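Student:
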Amino acid sequence: MIKIENLTKKYSKQTVLDILSLEIPSGQTFGLIGNNGAGKTTLFSCLLDLIKPTKGKVINNDVEVSTSEDWKSFTTAFLDETFLIGYLMPEEYFYFIGELRGLSKIQVDNFVLKFEDFFHGEILGGKKYLRDLSKGNQKKVGVIAALIGEPKVIILDEPFANLDPSTQIRLKEIIKDLSKYKDTTILVSSHDIQDVTEVCDRVALLEKGKLIKDIKTNKETLKELETYFKG
Amino acid sequence: MPLNMYLRHMFKMMFSLQWKEFNRGKSVGGKLVAKIFKWFGIIYFAFMAFMMGIIASAYGGPLAEFPLKEDSIAPFLYVNKQLIYVFAYLIVMRYFVQSLPVLNIKALLLTPLLKTKIVRFSLLKTVLTYFNILPLFFLIPFSFLLAQTGKFEIIGLIFWNINILGLIYVTNFFNFLLNNKDKLIYAIGGLLALAKGLEYYAIIDFTEYSEQFFYLFYSQPYAASFTWLLVFWLYDYVNKYLLGGLYIDTGLQVKTKEAKMEDFSFLDRFGKTATFIKNDLRLLKRSKRARTAVYMGIGMLFYGMIFVPSEEILGSGFLFFGYLFSTGGFLFMFGSFVPSWDSQYYPLMMTQNIEYKEYLNSKWSLMIIGTVVSTVLASFIYSFFGVNAVYAVLAGAFYNIGVNGYLTLWAGAYTKSPIDLNSSANAFGDKKAFNAKTMLVGIPQMLLPVLVYYFTSQYYDHFTGCLAVAVLGTLGILLKPIAFNLILKAYKTEKYSTLKAYKTN
Chain A
189 MIKIENLTKK
199 YSKQTVLDIL
209 SLEIPSGQTF
219 GLIGNNGAGK
229 TTLFSCLLDL
239 IKPTKGKVIN
249 NDVEVSTSED
259 WKSFTTAFLD
269 ETFLIGYLMP
279 EEYFYFIGEL
289 RGLSKIQVDN
299 FVLKFEDFFH
309 GEILGGKKYL
319 RDLSKGNQKK
329 VGVIAALIGE
339 PKVIILDEPF
349 ANLDPSTQIR
359 LKEIIKDLSK
369 YKDTTILVSS
379 HDIQDVTEVC
389 DRVALLEKGK
399 LIKDIKTNKE
409 TLKELETYFK
419 G
Chain B
36 MPLNMYLRHM
46 FKMMFSLQWK
56 EFNRGKSVGG
66 KLVAKIFKWF
76 GIIYFAFMAF
86 MMGIIASAYG
96 GPLAEFPLKE
106 DSIAPFLYVN
116 KQLIYVFAYL
126 IVMRYFVQSL
136 PVLNIKALLL
146 TPLLKTKIVR
156 FSLLKTVLTY
166 FNILPLFFLI
176 PFSFLLAQTG
186 KFEIIGLIFW
196 NINILGLIYV
206 TNFFNFLLNN
216 KDKLIYAIGG
226 LLALAKGLEY
236 YAIIDFTEYS
246 EQFFYLFYSQ
256 PYAASFTWLL
266 VFWLYDYVNK
276 YLLGGLYIDT
286 GLQVKTKEAK
296 MEDFSFLDRF
306 GKTATFIKND
316 LRLLKRSKRA
326 RTAVYMGIGM
336 LFYGMIFVPS
346 EEILGSGFLF
356 FGYLFSTGGF
366 LFMFGSFVPS
376 WDSQYYPLMM
386 TQNIEYKEYL
396 NSKWSLMIIG
406 TVVSTVLASF
416 IYSFFGVNAV
426 YAVLAGAFYN
436 IGVNGYLTLW
446 AGAYTKSPID
456 LNSSANAFGD
466 KKAFNAKTML
476 VGIPQMLLPV
486 LVYYFTSQYY
496 DHFTGCLAVA
506 VLGTLGILLK
516 PIAFNLILKA
526 YKTEKYSTLK
536 AYKTN
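Protein chains in written order, with this note's numbering: chain A, 189 to 419; chain B, 36 to 540.
(1) Label residue 418/B either buried or exposed according to how many other C-beta atoms from any shown protein chain fall within 10 Å of its C-beta, with 16 as the threshold for buried.
(2) State whether the segment 427–440 of chain B contacts the segment 496–510 of chain B, with contact taken as three or more CB pairs (one from each stretch) at a distance under 8 Å.
(3) Closest by CA to residue 454/A, which one among 424/B, 393/B and 311/B?
(4) CB residue 84/B to CB residue 144/B, shorter than 9 Å?
(5) To the nearest angstrom, how far is the alpha carbon of residue 184/B from that of residue 510/B?
(6) Do you know how far the Cα of residue 383/B is from the Cα of residue 460/B?
(7) Since residue 376/A and residue 263/A are thought to touch, with beta carbons under 8 Å apart, how far apart are those beta carbons, to the nearest angstrom?
(8) My assumption, with CB atoms under 8 Å, is that residue 454/B sits in contact with residue 372/B. Please give the rounded CB distance.
(9) Between residue 468/B and residue 245/A, what straight-line distance do the alpha-carbon atoms span, to the nearest angstrom?
(10) Would the beta-carbon of residue 174/B fall within 9 Å of that of residue 196/B?
(11) With a threshold of 9 Å between beta-carbons, can residue 349/A be considered close to chain B, or not?
(12) Alpha carbon to alpha carbon, how far is residue 205/A from residue 248/A?
(13) From 534/B, 342/B and 389/B, pick the residue whose C-alpha is nearest to that of residue 374/B; which is it?
(14) Between which two residues does the alpha helix (DSSP H) harbouring residue 313/B extend?
(15) Once DSSP output is grouped into helix, strand and coil, what is the label at residue 373/B?
(16) Cα-Cα, which of 482/B, 526/B, 413/B and 225/B is closest to residue 444/B?
(17) Cα-Cα, which of 482/B, 333/B, 153/B and 243/B is closest to residue 282/B?
(18) Going by CA-CA distance only, name the one from 369/B, 266/B, 278/B and 409/B that's closest to residue 205/B.
(19) Between the segment 311–326 of chain B and chain A, which residues of the former have CB atoms less than 7 Å from a CB of the latter, in chain order?
(20) On the three-pair Cβ rule with 8 Å, is the segment 329–340 of chain B touching the segment 352–369 of chain B?
(21) Mind the definition here: the segment 280–293 of chain A touches the segment 378–397 of chain B only if three or more C-beta pairs lie below 8 Å; say whether that holds.
(22) With residue 24/B and residue 326/B assumed to form a contact (beta carbons below 8 Å), what rounded beta-carbon distance in angstroms separates them?
(23) Quick one: grab the DSSP three-state call for residue 281/A.
(24) Using a C-beta cutoff of 9 Å, does residue 285/A count as contacting chain E?
(25) Can you tell me the Cβ-Cβ gap for residue 294/B and residue 198/B, rounded? I've got them flagged as a contact below 8 Å.
(26) Taking residue 248/A as part of the alpha helix (DSSP H), name the residues at either end of that continuous run.
(27) Since residue 390/B meets chain A, which of its residues come closer than 7 Å, beta carbon to beta carbon?
(28) Using the Cβ count rule (16 or more neighbours within 10 Å means buried), how would you classify residue 189/B?
(29) Apart from the five residues just before and just after residue 98/B, which ones in its own chain have a Cβ nearer than 8 Å to its Cβ?
(30) In the DSSP assignment, find the unbroken beta strand (DSSP E) run with residue 199/A in it and report its ends.
(31) Looking at the unbroken alpha helix (DSSP H) that takes in residue 211/A, where does it start and where does it end?
(32) Going along the chain, which residues of its own chain have a beta-carbon closer than 7 Å to the beta-carbon of residue 317/A, five neighbours each way excluded?
(33) Does the CB of residue 368/B have a neighbour CB from chain A at under 9 Å?
(34) Please tell me whether residue 239/A has its Cβ less than 9 Å away from any Cβ of chain B.
(35) Straight-line CA distance for residue 315/B to residue 192/B?
(36) Mapping DSSP to helix, strand and coil, what is residue 378/A?
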């Protein structure tokens, strides 16, 4: 589904991303882990054509992202609060995203209703604009909006950070549910090794822009990662 | 360390914090251009004030008796007459333009810095703002030249100046209390318009009272003590007012309005363009920053009025300029900040299932809708000045739609200053409503049509001049596909650096 070839990003002389090759097959739930500054967000930004790589290319479902905009029709993402429109109410935001993905209001309503449990009664029917929601609630809205319209590729940057415990557990369930679909590819990054190993079929470890480990998740993965980060 | 030395040290540190905030802010390059332009404006206005001071000391104003009788003090009286409006205008201008000191208050709250220091620093910093200094450029030459005529008592003049300066500071501190009280400021603005109207139709002439009141400042020097007492009382009051607000759940809290759903589904028939227009309408309704664009657009409708009475002095070119601006107000005020309006969620826009073209088209459509509405209103307003005025308004509208729409949009690709839509609602909030860059892009857009009109109308007549400008506009409308392709290219090449500039928010 996603092919990365010889991708590097340099700022003046510092290399922040340097990946020779990475291939993520369709339907995989791919986890990215690494310390601060490892290049996780840079990689995701390159995948979304938000940053122009110094070298190399990203191919999303046969579309080279920096030359064509066609990937936008099947890819969604939530990286941070810059993916939210502050002056909209959550419902209006969902409708807006839905409209762009060709969904009617009723379809959006039905879809969003499935996550009422996840929203914990704090999102829908409230009288607040997104800008006035707490960080955690903003994240809930952003993550769910990224699921609207049956995208084939979903990119979530640190979806578990800043969430309360129950929401974290529920979000993991949502992602696991999604990963059952054969044609939904999910990319998730995290600081928490437990979160990624629990959710993902495959975990890649990034350090200073380089791919250090690429593991098919198994019983030993958590231990392996733990020993790596210990030191 | 003795306490006073410690405090002095703290004061210094706060200054250096301010300097760093200024110096290390976002998008330094773009800011520099804006800054240069701002300084250019500052010098320009200071110069104008200086010249006005000189002229006013000799002639008063356009309504003063002319030629002046021997020993007439008419110029002085005339200025006193107008001061009431000057001060009302000053209050309104300050509210919209003067940004109150933004210190990183929250971070300072937990430092060993006394709260009273923090507040005093923010207040004293405003003492030397431009709004307080600019009037001196008028007052000093004006008073000096009046004194030279020998018709005035020097002491009286000096105290008159001290008084005026006092009132300027009253408006300075008053601005703190007004901050974010939108309704109040619109009430003051409304009263100002009403007073002008009453004066125009000779029902009540407030300038008479103004003349008597401000003349007291000259004839009764001790009045100055009252003014300055008021200044110090107000300073003290604002001090306490701000001090009481130094809690994150009171003065520093961002007030939130209860949200209301808005549908706008009647726009749905316009397809994807409508999706964005709906959002932009919500933006204009819900963001104070964006609302200002609408208000200024409405204000600009009357811009031509300034030039109507002075056509004989300034010439028809200036009048045409006024008409051009009156239909283009919204276009410039909104359009100059495309795509900055979306700066806070630009990455979202860039990853959604939309093409740049649709996005830009929706922005352009909104600008054009605004211009059409402005044109209908302006045609009505200026129809009172005869059919020639309406021709000029319509010609200007064509040019705005056919040329200025694209130019503004195109320039937007290079305007990379992010807009903080949420900046609002507390005593320390920045509310700088417009940017000097708006004007910078505006000038070439205005000059060409004015020149075309001017030369054509000199060779032929007014109507042909208007026609020439309208033809240019129509050509622009016909060339939309080509213009859009160029704009699109600019936006595409600038995409990454724009994203980066918005990110360093």
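Beta carbons are placed, not taken as given, at the ideal position from N, Cα and C, and that holds for glycine.
Note that the structure is predicted; figures quoted are calculated from it, not measured.
Tutor: Quick answer:
(1) exposed
(2) yes
(3) Residue 454/A lies beyond the stretch modelled for chain A, which goes from 189 to 419, so this question has no answer here.
(4) no
(5) 58 Å
(6) Residue confidence is low: residue 460/B scores 35 on pLDDT, short of 50, so the model does not pin down where it sits. Its coordinate-derived value is still stated next. Each residue's Cα considered, the two are about 26 Å apart.
(7) In fact, because the Cβ distance is near 14 Å, the residues do not count as touching under 8 Å.
(8) Residue 372/B and residue 454/B do touch by the CB rule: their CB atoms are close to 6 Å apart, below 8 Å.
(9) Because the pLDDT at residue 468/B is just 37, under 50, the model does not fix this residue reliably, and the value given afterwards should be weighed accordingly. Whole-angstrom Cα-Cα distance: 42 Å.
(10) yes
(11) no
(12) 18 Å
(13) Taking only the C-alpha atoms, the option nearest residue 374/B is 534/B.
(14) 307–321
(15) coil
(16) 526/B
(17) 153/B
(18) 266/B
(19) 314, 317, 318, 321 and 322
(20) yes
(21) Counting C-beta pairs with one atom in each stretch, the segment 280–293 of chain A and the segment 378–397 of chain B have three or more that are closer than 8 Å, which means they touch.
(22) The structure shown does not extend to residue 24/B, since chain B is modelled only from 36 to 540, so the question has no answer here.
(23) The answer is helix: DSSP assigns residue 281/A an H, G or I state.
(24) The question asks about chain E, but that chain is absent: this structure's protein chains are A and B.
(25) Actually they do not touch by this definition, with Cβ atoms about 48 Å apart.
(26) Run containing residue 248/A: none in the alpha helix (DSSP H); it sits in the beta strand (DSSP E), 243–248.
(27) 257
(28) exposed
(29) In this prediction, residue 98/B scores a pLDDT of 48, lower than 50, which makes its location untrustworthy; the coordinate-derived value is nonetheless stated afterwards. The residues are 113.
(30) 190–199
(31) Unbroken run through residue 211/A is the beta strand (DSSP E), 202–212; no alpha helix (DSSP H).
(32) 274, 275, 276 and 277.
(33) Residue 368/B does not count as touching chain A.
(34) yes
(35) 53 Å
(36) strand
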